[in-house]
Each structure stands twice: as C-alpha cells, then as structure tokens.
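Everything below concerns the one structure shown next.
Residue numbers (the working numbering), protein chains in the order written: chain A, 26 to 248; chain B, 126 to 273.
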C-alpha cells in the first residue's frame, strides 16, 4: 500500500528566446504491507489480517531550469536540482544539460549529460526486528564449515545506506527520410556509484541497534 | 486553477473467481480419469508414491497420501474428485481489493514578468491479497470443498 503526496511551487519567466524558471518541490511516500496471519515481534502469530507500521520516504528539492533557443538550428535545455534526501540525510547536486542541433530540416543531433540519484527503499534503511531464515539455513552445511565460511542466518537493514548516484552521457541522431519514415540512433554510457548490494557479513561487525518503538507497534485493523 | 481527480477500485472474492483456480468436481474427475488411463497404459496400471520412505502403489486407481495408519489410500477418479475439487491452491477468507486514487490541484497566476505555479498532489495505491488458513479436507464450509 502506497500513499504519496507532495507539492510544487515555481516561478517561470518567458521571453522570445529564453525561458527560465525556478522552484521548490517536496515529495513524501509512505508504504506498508499486510499479512495473514499477523506475526508479532515476539514471534507470536495471530490469525487476523494486520498491517505493519508504515515506512516513509521524503525528498525536498530546489530546482532551476532554462530553455535557450537562439535560432532555428540550435537549442539548449538545462536543469539544476539540489535535492535533500531526508531519509539518508544527504544532499545531492544534479545538473542536466541537453544540446540539440538541427543542421537541416530532416536531421537532428542531441547530446545530453547529467547526474541523478536514487534513494534506497525505506525498508533497506529502517532498523526492524531481524528476519531470520528457516532453521535449516542456520545449520552449517558441510560444504561451508571451513574457516571463514559465512552462513546466512538473518537479514537486517542498514541505516547508514546512501542513495545510489549515476552520471550519464547520451548522443543521439535522427534522420527523416520522408513524411512517413525516419530513423533514430542512440548511444549512451552511465556510471553508477554507491550501488546497493546485499551480502553476508559477520554478525559481530553489525552495530547494535534499537528498533524505534513506533515501528514495532501492533496495528491490526481486521479481526 | 485546475483540479483533477481519479479513483478506481475493485473487490473480488477469490474463492472461485478471479484466480481461475476453482476446479469443479466434473473437471477434477475428467482430468484424473484421463491421467489414470494414460498411466495405466504407460506404467503397467500402477500409481506409485512414497509413504514414509516406502513405495506404495495403487492398481488401476490413484495413490493419495492420507492421515491413516497405512498413510495412503487408493482412490478412483470419482473419489479423488470428491476430495480435491474446489478452490485449488486457495483457502478460506480469500479476497482481494485493488484501489488507485490520484488527486491533483494546480493554480497558476501571472505575477509581474513571471508565472507563479503552485501544485499539490496526493495519490494512493492499495493492493490487498489476504488469504485465510488452508481448508481442511472433508470439512464443509461456505468456501471450501466438501465431500457431499
């Protein structure tokens, strides 16, 4: 179940060859899920359908944008975002620039480059009672009893995660043969940073965490 | 000033509709009878299953695990269909809802050389797929299969 809301406030100024604007946005998402039977944090099971406490994701951003068209052959589009990820307590500067050149009325060349970020799912960030695997996963198989072998016994979120970021560049060419036929060619490259990966680590390396009380509250709405 | 609203909701009782998993008695009976004839031709008319680690076979019938001292029973197609028709893979208290709502309000105003825009939105997506506990065989309820 997802519940989203947000708002945008902007001011735009248009002229013959240049449109410029700036603004602010705030976005919030809350999601939760339900389960039957409902399993409490102490492991007890209740034969009712219940929802877990919702997790939220919020972003506050400032932006500026500009569209410049000095003549019929050339145009440029620029946006600059300064985005505050409220869940990861991190700020991101994400500019993007697109240059469009039309040498003839039937050809167009587009060059775009920019930077973007993607926030982790709140379930990956929020400390919660660990979810343990099946009992068989706790028993070390014979093939993993050597020194240094790790056996997954539980999974847990990491409240220190940061958003994934990416830089990208894209070059595209389009040609129109006639009224009904055109061709598009596109090449792009993206460099991703801080990719979110899962893995096995020794339990001793995981810092002790305290699960917030509001995340372990019982929230049963149907009996 | 612009205001848009969108809302779509549906509800269905999945015990026999929506999942394509309600298998009727005639369907079960025909399927098992067909399978039985195939097995009779291919496997010397024996249907074999493992019961407590031991092979147990039924001749001309279907071998089914049951809670009895022997651990299995040999059923003909009619007996099998009586016991296994109904919401296959389903359970009691099984229903689903899907809801989507989106509301958006937008106000634009010329102010000096610029155009001020204020926009707000709220939307929701709800998908509920609850399932009750599995149906005990041979117990008649308003949801599950019955032996009658």
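We put the CB at the ideal spot given by N, CA and C, even for glycine.
Practice task
Within the same chain, show all residues whose beta-carbon is closer than 6 Å to that of residue 141(A), passing over the 5 residues directly before and after it, in chain order.
Solution key: 119, 191.
Problem - Distance between residue 126(A) and residue 112(A) (C-alpha atoms, nearest Å) - result: Distance between the alpha carbons of residue 112(A) and residue 126(A): 40 Å.
Handout entry: beta strand (DSSP E) segment containing residue 209(B), residue limits
Key = Per DSSP, residue 209(B) lies in no beta strand (DSSP E); the unbroken alpha helix (DSSP H) holding it starts and ends at 202-209.
Practice task
Out of 195(A), 183(A), 36(A), state which residue places its alpha-carbon closest to the alpha-carbon of residue 239(B).
Solution key: Put simply, of 195(A), 183(A), 36(A) the residue whose alpha carbon is nearest the alpha carbon of residue 239(B) is 36(A).
Exercise for the section: Could you confirm whether any beta carbon from chain B is found closer than 9 Å to the beta carbon of residue 81(A)? Expected result: No, no contact with chain B.
Problem - residue 88(A) at chain B interface by Cβ criterion, 9 Å - result: The C-beta of residue 88(A) comes no closer than 9 Å to any C-beta of chain B.
Exercise for the section: Determine which residues of the stretch 29-47 of chain A have a Cβ less than 7 Å from any Cβ of chain B, and write them out in chain order. Expected result: Taking 7 Å as the Cβ-Cβ cut-off against chain B, the residues of the stretch 29-47 of chain A that qualify are 29, 30, 31, 32, 33, 34, 35, 36, 37, 38.
Handout entry: At least three beta-carbon pairs within less than 8 Å, the stretch 214-222 of chain A to the stretch 200-211 of chain B
Key = With contact defined as three or more Cβ pairs closer than 8 Å, the stretch 214-222 of chain A and the stretch 200-211 of chain B are not in contact.
Practice task
Look at the alpha carbon of residue 208(B) and the alpha carbon of residue 178(B), and state the distance between them as a whole number of angstroms.
Solution key: Taking the straight line from one Cα to the other gives about 24 Å.
Practice task
Report yes or no: is there a C-beta of chain B within less than 9 Å of the C-beta of residue 26(A)?
Solution key: Yes - at least one Cβ of chain B is within 9 Å of the one on residue 26(A).
Practice task
Please determine, among 147(A), 117(A), 85(A), the residue with the shortest C-alpha to C-alpha distance to residue 185(A).
Solution key: Among 147(A), 117(A), 85(A), the Cα nearest to that of residue 185(A) is on 147(A).
Problem - Neighbouring residues, chain A, relative to residue 130(B) (Cβ below 9 Å) - result: None at all; the shortest Cβ gap to chain A is about 14 Å.
Exercise for the section: Check whether the Cβ of residue 242(B) lies closer than 9 Å to any Cβ atom in chain A. Expected result: Interface residue (Cβ-Cβ distance to chain A less than 9 Å): residue 242(B) is classified as such.
Practice task
Return the CA-CA distance between residue 196(A) and residue 152(A), expressed in angstroms with no decimal places.
Solution key: Answer to the nearest angstrom: the Cα atoms are 42 Å apart.
Exercise for the section: Step through the CB atoms of chain A and report whether any lies within less than 9 Å of the CB of residue 239(B). Expected result: Answer yes: the Cβ-Cβ gap between residue 239(B) and chain A drops below 9 Å somewhere.
Exercise for the section: Taking 9 Å as the cut-off, decide whether the C-beta atoms of residue 82(A) and residue 43(A) are in contact. Expected result: It is not a contact, given that the beta carbons lie outside the stated cut-off.
Practice task
Report all residues from its chain with a CB closer than 6 Å to the CB of residue 213(A); omit the five preceding and five following residues, and keep chain order.
Solution key: Within the same chain, residue 213(A) has close Cβ partners 195.
Handout entry: C-alpha gap between residue 103(A) and residue 231(B), whole angstroms
Key = Distance between the alpha carbons of residue 103(A) and residue 231(B): 24 Å.
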